[in-house]
Ligand SMILES: Cc1ncc(COP(=O)(O)O)c(C=O)c1O
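Residue numbers (our numbering): 25 to 476.
What follows is the structure, encoded as structure tokens:
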């Protein structure tokens, strides 16, 4: 077996000084017109090196082209929403055909029932579904439904997990909580993942007050044996609703989500991102007994459950139906795991060959691979992350993570591995000689910070 570098068959893109002049010229205007210069903080300028493409013009498969015409292999596309590929023709065509029939009527469209049936066929043990346009709305709806169902106000979220919603019940608990009255995050309690006792303690401390437990079944660390089942049992023992946020895990760990992968059915769960291959669509699914509170056939207080103008835009539903069909027909999830594993093996080899053990780490499952960067003292380092991104971008790869899609071919993986190898060579030199010599411009910063 050759080195990680040699395995790439010489397909790597040579490091080239890229022309970002058009990107650079548009940046000030974007910031003048749009707070943050973009519509998602995770895409923002402070998340990328100074020498990077600021605006994308088009994408095809896993390749994108920026405003200056530079081409890149992209990872984590659309914040993990585009799992099949950019401009994936069957999905685009399904959406287009539906658009020609109309996208929003005064009464429900039939396709709402078609996708409801398809979604319930994908996820085990659920009876009802309500669609929306983004993940934050469905996690917030799940919390509201749980509060109405239990008659309790407090909620328990997994404090080690990064994100559940843009809404106040979650953002109020982060560093970036300006504009949120203090009373709101006081109703959100935190427990630790894989630590059943930390959750039990909350239930003991606040008896009969916790409406729900909100968590991802898995992020970077797998659950300890029996943990998720124990969480469910504890919720049922204490009368709380268990909610799994499947925004990332859904259609990635398994078509039926991490709940199917781990064999634990929560009372409610929320899907989004991958379910429409980038089209704006999300879903709250769960048990009829709880979901029906948003319906017309009960005599309890009514829950205003996800009633929005655009919630069931027909072309997004058509895109989702087609996405589900393709997942089933072409074994997409298996492909994501396989390509992620391929990349993991090649990057691991490069880590070993460049003596980066303990400095550059691969984290998580192959279907959702991410990396961590550490400095010469083994401390987590944004500066080294920036250097790594800078060196990858020079070689034609944008990889805030190593999250693959159905469009990442063997060649794309091999070209990426070669770019990673060369970026690792620079990383090693920066560890030995000082990062100042290699990093151009300021380091990136975490999104979740109090001040700029
Ligand atoms: C785990 C998780 N939950 C919820 C959300 C919110 O989804 P959206 O950005 O569609 O509102 C995200 C978004 O990144 C997420 O990663």
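Think of the CB as a built atom: it goes at the ideal place given N, C-alpha and C, for glycine as much as any other residue.
Since the structure is predicted, the reported quantities are computational estimates derived from the model, not experimental observations.
Spanning the alpha carbons of residue 274 and residue 461 requires a straight line of approximately 42 angstroms. Look at residue 271 here: in three-state DSSP terms it is coil, with no helix or strand label.
Distance from the CA of residue 328 to the CA of residue 156, rounded to the nearest whole angstrom, comes to 13 angstroms.
Counting along the chain, the unbroken beta strand (DSSP E) around residue 154 starts and ends at 152–156.
In this chain, the beta strand (DSSP E) harbouring residue 310 covers 306–310.
A direct Cα-to-Cα measurement between residue 162 and residue 117 gives close to 27 angstroms. By a beta-carbon distance limit of 8 angstroms, residue 296 does not contact residue 146. Their separation comes to about 14 angstroms. Look at residue 200 here: in three-state DSSP terms it is coil, with no helix or strand label. Contact check for residue 226 against residue 267 fails: the beta carbons are separated by 8 angstroms or more. In this structure, the beta-carbon distance from residue 270 to residue 294 falls below 8 angstroms. Distance between residue 457 and residue 62, taken at the CA atoms: about 36 angstroms. C-alpha of residue 403 to C-alpha of residue 414: approximately 20 angstroms in a straight line.
Nearest Cα to residue 454 within the set 384, 420, 388: 384.
Under the three-state reduction of DSSP output, residue 131 falls in the coil class, being neither helix nor strand.
According to the DSSP assignment, residue 374 belongs to the alpha helix (DSSP H) that extends over 356–377.
Here residue 280 carries a coil assignment [DSSP, helix/strand/coil]. Shown here, residue 396 sits in a strand according to DSSP, grouped into three states. Apart from the 5 residues on each side of it in sequence, residue 173 sits with its Cβ closer than 7 angstroms to the Cβ of 265, 314, 317 in its chain, given in chain order.
One alpha carbon belongs to residue 364, the other to residue 390, and they sit about 4 angstroms apart. Only exposed fits residue 131, as fewer than 16 other CB atoms lie within 10 angstroms of its CB. Collapsing the DSSP output to three states places residue 234 in a strand. The straight-line gap separating the alpha-carbon atoms of residue 285 and residue 105 is approximately 20 angstroms.
Residue environment for residue 101: buried (at least 16 other C-beta atoms within 10 angstroms of its C-beta). Leaving aside the five residues that flank residue 425 on each side, the residues in its chain whose CB is nearer than 6 angstroms to its CB run, in chain order, 99, 100, 394. Here the C-alpha atom of residue 230 lies approximately 17 angstroms from the C-alpha atom of residue 167. Per DSSP, residue 293 is one residue of the beta strand (DSSP E) stretching across 292–295. Under DSSP, residue 193 forms no beta bridge with any residue.
Residue pairing from DSSP places residue 239 in a beta bridge opposite 268. Apart from sequence neighbours up to five positions away, the residues of its chain that approach residue 81 with a beta-carbon distance below 6 angstroms are 89, 91, ordered along the chain. Counting every other CB atom within 10 Å of its CB across the protein chains shown gives residue 451 a total of 16 or more, marking it as buried. Here residue 66 is not bridged, per DSSP, to any residue. Burial is judged here by how many other beta carbons sit within 10 angstroms of a residue's own beta carbon; residue 324 has fewer than 16 and is exposed. The Cβ neighbour count for residue 432, taken over all protein chains shown within 10 Å, is at least 16; the residue is labelled buried. Within the stretch 401–474, the complete alpha helix (DSSP H) runs of at least 4 residues fall at 406–418, 434–457.
Relative to ligand 1, residue 476 has its C-beta separated by 7 angstroms or more from all heavy atoms. Counting along the chain, the unbroken alpha helix (DSSP H) around residue 161 starts and ends at 159–174.
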